[in-house]
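Trainee: First, the structure itself, so that you have it in front of you.
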């Protein structure tokens, strides 16, 4: 009887974990759709990112405050604060800024596929900087992934060639900075904890974004249509705060491997949402290119 109850609870936990991982993947993917919808209004990338961070900051402040008051946690050292500063700027500030700028020029579907390349960049950077093995399997995965991006990219040229390379370059730079951030997080996260790390690093990014806005924009730049504020708030809640905590909970329930595999739903969700909400064309070339990217990335994730 006890075994049956334990099995039922385990199955329920796994089911909940898969559900949270799926919702997190869809939530993160929805960010590109919300950004593109906001760009229909007179708002630039820095202002939009500042609004997203401003609406997200209170939640991360509460989480950080709770951790700061917990004396049972490991006390942070000077090196930890430096790591949080550098990683917060790299992973949540620069990566997001490049992504938001790139979305001014390219489709949401192509943006999500380029972002999905980050595991391939982690492999390449790890090989170049840390001397980690890079073999035939990794080479085939990279070939498939970037061939898929090439297919989608050249298909996009037929739709909109102007500034396509510029936009893709910015998103690629955001993906590269995120990959570098991931390489640097391992030891820091293990030492101070994932939730505390995320809250502190996000607050660093919030501060950097708001400072950039204050130094580059006049106060009247915040006089925007109400729709921009509504989309920014939705983005902060459903594409930033909730997915972050749902992803963390999913990893605890079903493990990082299963969670990362479910995350591959992201590009597919973005393609269909972009077609429905933005009217972006969903061509056979895009579907085929997306399939190549997912096969390449998933082969690395499975490893």
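Residue numbers (the numbering used here): 9 to 311. Cβ atoms here follow ideal geometry from the backbone N, Cα and C, with glycine treated the same way.
(1) Could you pull out every residue in the same chain whose Cβ sits closer than 6 Å to the Cβ of residue 69, ignoring the five residues on either side in sequence?
(2) In its own chain, which residues sit with a C-beta less than 7 Å from the C-beta of residue 120, not counting the 5 before and 5 after it?
(3) To the nearest angstrom, report how far apart residue 308 and residue 146 are at their CA atoms.
(4) Can you list, in chain order, the residues of its chain whose CB lies under 8 Å from that of residue 141, leaving out five sequence neighbours each side?
(5) Should residue 252 and residue 193 be called a contact, given that it needs their Cβ atoms to be closer than 8 Å?
(6) Given a cut-off of 8 Å, decide if residue 171 and residue 113 are closer than it, judged by their beta-carbon atoms.
(7) Might you give, ordered along the chain, the residues of its own chain that have their beta carbon closer than 7 Å to the beta carbon of residue 256, omitting 5 neighbours on each side?
(8) Is the Cβ-Cβ distance between residue 178 and residue 109 less than 8 Å?
(9) Determine contact between the stretch 278-288 and the stretch 50-70, defined as no fewer than three beta-carbon pairs at a distance below 8 Å.
(10) Is the beta carbon of residue 118 less than 8 Å from the beta carbon of residue 188?
(11) When you compare the CB positions of residue 123 and residue 82, do they come within less than 8 Å of one another, or not?
(12) Taking a contact to mean a Cβ-Cβ separation below 8 Å, would you say residue 181 touches residue 96 in this structure?
(13) Output yes or no for whether 8 Å exceeds the beta carbon distance between residue 258 and residue 248.
(14) Drop a sphere of 10 angstroms on the beta-carbon of residue 18, count the other beta-carbons inside from all chains shown, and report buried for 16 or more, exposed for fewer.
Mentor: Let me spell this out:
(1) Along the chain shown, read from residue 1 onward, the residue named residue 69 stands at position 61. So no residue of the chain qualifies.
(2) On the chain shown, residue 120 is found 112 positions in, with the first residue counted as 1. Closer than 7 Å at Cβ, skipping near neighbours: 37, 40, 274, 275 and 278.
(3) Taking the chain shown and counting its residues from 1, the one referred to as residue 308 is at position 300. Taking the chain shown and counting its residues from 1, the one referred to as residue 146 is at position 138. Their Cα atoms are separated by approximately 7 Å.
(4) Residue numbering aside, residue 141 sits at position 133 when the chain shown is read from its first letter. Counting only Cβ-Cβ distances below 8 Å, and skipping sequence neighbours, we find 135.
(5) As a first step, residue 252 is located in the chain shown; it is residue number 244 there, counting from the start. As a first step, residue 193 is located in the chain shown; it is residue number 185 there, counting from the start. Result no, Cβ atoms of residue 252 and residue 193 do not sit closer than 8 Å.
(6) Counted from its first residue, the chain shown places residue 113 at position 105. Counted from its first residue, the chain shown places residue 171 at position 163. Closer than 8 Å, so yes.
(7) Taking the first residue of the chain shown as 1, we reach residue 256 at position 248. So the list reads 202 and 203, once near-sequence residues are dropped.
(8) Within the chain shown, residue 178 is the residue found at index 170, counting from 1. Within the chain shown, residue 109 is the residue found at index 101, counting from 1. In contact: residue 178 and residue 109 (Cβ atoms closer than 8 Å).
(9) no
(10) Walking along the chain shown from the start, residue 118 turns up at place 110. Walking along the chain shown from the start, residue 188 turns up at place 180. Not in contact: residue 118 and residue 188 (Cβ atoms no closer than 8 Å).
(11) Here residue 123 refers to the residue found at position 115 when the chain shown is read from its first residue. Here residue 82 refers to the residue found at position 74 when the chain shown is read from its first residue. The answer is no: Cβ separation not under 8 Å.
(12) Position 173 of the chain shown holds residue 181. Position 88 of the chain shown holds residue 96. Taking 8 Å as the Cβ cut-off, residue 181 and residue 96 do not qualify as a contacting pair.
(13) Translated into the one-based positions of the chain shown, residue 258 becomes position 250. Translated into the one-based positions of the chain shown, residue 248 becomes position 240. Their beta carbons are not under 8 Å apart, which means residue 258 does not touch residue 248 by this criterion.
(14) If you number the chain shown from 1, residue 18 lands on position 10. When all chains shown are included, residue 18 counts as exposed.
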